[in-house]
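Protein sequences appear in the order of chains C and G. Going by our numbering, the first sequence wraps up at 1062, each residue one higher than the last. Going by our numbering, the second sequence wraps up at 1062, each residue one higher than the last. Glycine included, C-beta positions come from ideal geometry on N, C-alpha and C. Here the structure is laid out as structure tokens; the discussion comes afterwards.
Number of protein chains: 2
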Amino acid sequence: MTAGAPKTCLVVTEKAFAAPAVKAIEGVFADAGYACQKIENYKEASDLYAKLEEVKPDALIVRSDKMTPEVYDKYSGIRIIVRAGAGVDTIDLKGASERDIVVMNTPGQNSNAVAELAFGMMLTNARNHYDGTSGYELKDKTLSLYGYGQVARNMHRIAKAFNMTVKAYDPFLSKEQIEVDGAIAVDSVEALFDGVQFVSLHIPSTEKTNKSINKELLLKMSKNGVLINTARAEVVDEAGLVEAFGERADLAYISDVAPMEKGVFDSLGKRAFVTAKKMGAQTSEANNNAGIAAAKQIVAFFEQGDAKFQVNKPGQTF
Amino acid sequence: MTAGAPKTCLVVTEKAFAAPAVKAIEGVFADAGYACQKIENYKEASDLYAKLEEVKPDALIVRSDKMTPEVYDKYSGIRIIVRAGAGVDTIDLKGASERDIVVMNTPGQNSNAVAELAFGMMLTNARNHYDGTSGYELKDKTLSLYGYGQVARNMHRIAKAFNMTVKAYDPFLSKEQIEVDGAIAVDSVEALFDGVQFVSLHIPSTEKTNKSINKELLLKMSKNGVLINTARAEVVDEAGLVEAFGERADLAYISDVAPMEKGVFDSLGKRAFVTAKKMGAQTSEANNNAGIAAAKQIVAFFEQGDAKFQVNKPGQTF
Chain C
745 MTAGAPKTCL VVTEKAFAAP AVKAIEGVFA DAGYACQKIE NYKEASDLYA KLEEVKPDAL
805 IVRSDKMTPE VYDKYSGIRI IVRAGAGVDT IDLKGASERD IVVMNTPGQN SNAVAELAFG
865 MMLTNARNHY DGTSGYELKD KTLSLYGYGQ VARNMHRIAK AFNMTVKAYD PFLSKEQIEV
925 DGAIAVDSVE ALFDGVQFVS LHIPSTEKTN KSINKELLLK MSKNGVLINT ARAEVVDEAG
985 LVEAFGERAD LAYISDVAPM EKGVFDSLGK RAFVTAKKMG AQTSEANNNA GIAAAKQIVA
1045 FFEQGDAKFQ VNKPGQTF
Chain G
745 MTAGAPKTCL VVTEKAFAAP AVKAIEGVFA DAGYACQKIE NYKEASDLYA KLEEVKPDAL
805 IVRSDKMTPE VYDKYSGIRI IVRAGAGVDT IDLKGASERD IVVMNTPGQN SNAVAELAFG
865 MMLTNARNHY DGTSGYELKD KTLSLYGYGQ VARNMHRIAK AFNMTVKAYD PFLSKEQIEV
925 DGAIAVDSVE ALFDGVQFVS LHIPSTEKTN KSINKELLLK MSKNGVLINT ARAEVVDEAG
985 LVEAFGERAD LAYISDVAPM EKGVFDSLGK RAFVTAKKMG AQTSEANNNA GIAAAKQIVA
1045 FFEQGDAKFQ VNKPGQTF
């Protein structure tokens, strides 16, 4: 790799970016003196293969496009593939690593989208789905954030404007790291729930977290307690939630994840307010931002050797 | 009136305040050394009459209770009636003025409730009513406020957290008065709409404003333009809105006021997102705040002669 040598990049989108995003991506590459080609809305893998042979790209930007060893072998000069978005389950990481292809994603570009969704649903729940009856305000209430990553930080920023008190707990962050923006660090999961009205989950699904949000925690919440889940269905003990809701008619569940057990919340009516399909990250801005971030990461990789967002280790074979 | 003499206040609520509000009201009067009695959830005017004759109150706090000359004449010592809330159309102002009774309301106590409702509906619209499809974010968009009173100021505060740019126009305020919080003052109604995505109305219904929000203004809005009306139905030219929406499929209308012409927006589906019944001010907090404000205004009136929120002029007969 010669630093500064002009590169050729190919935007591979089975489902094309919005026009402004494409323009912005082209702008990033133009500024770097790179060539930018694209293949949009293609129907067959063979169309992509032909394009790869024609363009001979150094770098690819992809979305949910399937990246396979067949793709990698169409042009052996591919050095980097960046997924514009978070999920890389459509990319064969092992095959990429075997060929020394760097794979990156663009984390955090959808975190504002998720936080805005959560607040929209919190307000909708607080105002009884706009049915004309008297509700309550978010102002001066407390919001607890379990996990303090990008989405949680955006929630904190928005919560401040509603004059909410924000508590946070993240087992991987120090008190100082949490309190830098003004959130109050607490030192246990229990403290997030105890007497608090809103608790929002921002934790991965692991052996330790699965089913960890249980009846006991939910019953600790204040009047009109609301659990918000834009993370993973697995972390909630669904049977425990239904039991807690049976004992406390004031509790509500807001969720952007389909339950593990289909229909488990049907008896709760609007108290279980679940999106029709996971959509927190689904905004035109999040998609566009991810595309622009992908282009910038490609330039930074070639120009400065920056591999910060690499998801496969060099030589890693999984 | 002897300043500092202990007074007797009667809370008159056909529909009672929530218990915490009553407690807070009693606290305000106790601190002032006043007696506080109450008549809650009464069924007949005659029950109220009997209570007035029994308690002989110097002051009344009321909600939507009907205040008539019959009420005023049950005890001639009533000096002040404070409506916990904004609307005084249930109070006979002429009869009160004729008897030198001061009538006040408690403006501004519900302005946060209205602003939160508007943002909830804006987010719900932006995210397609949580149907699982891709929407857009409020972040980095522009919000114009037509009229810059208490509700608009609360909208500005919340909008800042969404990183929105806020423009405002109020014919009764100077550029300096508007810009003190950081909003951008513009000098015409047209400038509020021109290329802007969100325009929120905070104007009264007057001869000049009625039907002033018309097709021409709406067509000036940017892509995905949203008109927000938590004010008055009269100010919108409803036929003009329907015409504009016919020409521009991207426009949306969010409203907490029933249309003047029943059914006029039916053809627009969810693009006209209207609450089931005006509810912007309907939160437990707004109702409680209004009750507490009413108690404080009564004490300030007797102790300092403060009549700032009086809605009937002394001797005014309408």
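**Study point:** Where G/G1007 falls: helix, strand or coil (DSSP)
**Key:** coil
Practice item. Using a Cβ-Cβ cut-off of 7 Å, state whether G/R901 counts as contacting chain C. Key: Taking Cβ atoms only, chain C reaches closer than 7 Å to G/R901, which makes this a yes.
**Study point:** Span separating the alpha-carbon of C/V756 from that of G/L867
**Key:** 31 Å
Point to revise | Residue-level contact to chain G via CB, C/K967, 7 Å cutoff | key: no
Check your understanding: Taking only beta-carbon atoms, is C/M811 less than 7 Å away from chain G?
Key -> no
Point to revise | Within-7 Å CB hit, C/R875 to chain G | key: Going by the sequence as given, residue 875 of chain C is Asp instead of Arg. Residue contact with chain G for C/D875: present (Cβ-Cβ distance below 7 Å to some residue of chain G).
Practice item. Give a yes or no on whether 7 Å exceeds the smallest Cβ distance from G/E860 to chain C. Key: yes
Exercise for review: Please state if the CB of C/A1037 and the CB of C/N869 are separated by a distance shorter than 7 Å.
Suggested key: no
Practice item. Let me know if C/Q1026 comes out buried or exposed under the rule of 16 or more other beta-carbons within 10 Å of its beta-carbon. Key: buried
Exercise for review: Within the same chain, show all residues whose beta-carbon is closer than 7 Å to that of G/F989, passing over the 5 residues directly before and after it, in chain order.
Suggested key: L995, L1012, R1015
Review point. For the beta strand (DSSP E) that contains G/S1069, what are its first and last residues?
Key: Limits of chain G in this structure are 745 at one end and 1062 at the other, which puts residue 1069 of chain G out of reach.
Review point. Are any of the Cβ atoms in chain C nearer than 7 Å to that of G/M745?
Key: The pLDDT assigned to G/M745 is 46, lower than 50, so where the model puts this residue is not dependable; a value taken from the coordinates is nonetheless given after this. So, not an interface residue.
Check your understanding: If we ignore side chains and look at the alpha-carbon of each, how far apart do C/K919 and C/S956 end up?
Key -> 22 Å
Review point. Is the region 1044-1057 of chain C touching the region 779-799 of chain G, taking contact as three or more C-beta pairs under 8 Å?
Key: In short, these stretches do not touch, since the Cβ pair count stays below three.
Review point. So which of G/L837, G/K959, G/P1003 has the shortest CA-CA distance to G/E978?
Key: G/P1003
Exercise for review: Assign C/I824 to one of three DSSP states: helix, strand, or coil.
Suggested key: strand
Check your understanding: Closest Cβ-Cβ distance between C/A857 and chain G: below 7 Å?
Key -> yes
Point to revise | Same chain only: Cβ atoms within 6 Å of G/M745, ignoring 5 sequence neighbours per side | key: For G/M745, the predicted model reports a pLDDT of 46, less than 50, meaning its position is unreliable; a value from the coordinates is still stated below. Cβ within range, chain order: n/a, list empty.
Exercise for review: Can you tell me which of the three DSSP states G/V766 falls into?
Suggested key: helix
**Study point:** Top-ranked residue by Cα proximity to G/Q941, from G/Y913, G/K959, G/M908, G/T950
**Key:** G/M908
Point to revise | C/Q853 (DSSP reduced to helix, strand or coil) | key: coil
Practice item. With C/A996 as the anchor, note down where its beta strand (DSSP E) starts and where it stops. Key: 996-999
Review point. Sorted by chain position, which residues of the same chain lie with C-beta nearer than 7 Å to G/F1053's C-beta, five sequence neighbours on each side aside?
Key: M848, N849, T850, P851, Q1041
Check your understanding: Got a sec: which bits of the region 905-930 of chain G sit with their beta carbon under 7 Å from any beta carbon on chain C, in order along the chain?
Key -> A905, F906
Exercise for review: State the beta-bridge partners of C/G879 as determined by DSSP.
Suggested key: G/T1027.
Point to revise | Own chain, CB closer than 6 Å to G/G939, minus 5 neighbours either side, in chain order | key: S966
Check your understanding: Beta-carbon of G/Q853 versus every beta-carbon of chain C: anything under 7 Å?
Key -> No - not a single Cβ of chain C is within 7 Å of the one on G/Q853.
Check your understanding: Grouping DSSP H, G and I as helix and E and B as strand, with all else coil, what is C/T757?
Key -> Reduced to three states, the DSSP call for C/T757 is strand.
Point to revise | Selection from C/A803, C/R871, C/V858 that minimises the alpha carbon distance to G/F863 | key: Of the candidates C/A803, C/R871, C/V858, C/R871 places its Cα closest to the Cα of G/F863.
Exercise for review: List the endpoints of the continuous beta strand (DSSP E) containing C/L889.
Suggested key: 886-890
Exercise for review: Please classify C/M848: does DSSP put it in a helix, a strand, or coil?
Suggested key: strand
Exercise for review: Scan the region 747-775 of chain G for residues whose Cβ lies nearer than 9 Å to a Cβ of chain C and list them as they occur along the chain.
Suggested key: none
Exercise for review: Determine, using beta carbons only, whether C/N800 and C/Y819 come nearer to each other than 7 Å.
Suggested key: The sequence shown places Lys at residue 800 of chain C, rather than the Asn named in the question. Yes, Cβ-Cβ distance for C/K800 and C/Y819 is below 7 Å.
Check your understanding: Nearest-angstrom Cα distance between C/V943 and C/I769?
Key -> Each residue's Cα considered, the two are about 37 Å apart.
Review point. Out of C/L792, C/A762, C/D802, C/S790, which has the shortest C-alpha to C-alpha gap to C/P750?
Key: C/D802
Review point. Near G/V895, which residues of its chain fall below 7 Å by C-beta distance, leaving aside the five closest residues on each side in sequence?
Key: S855, V858, A859, H946, T974
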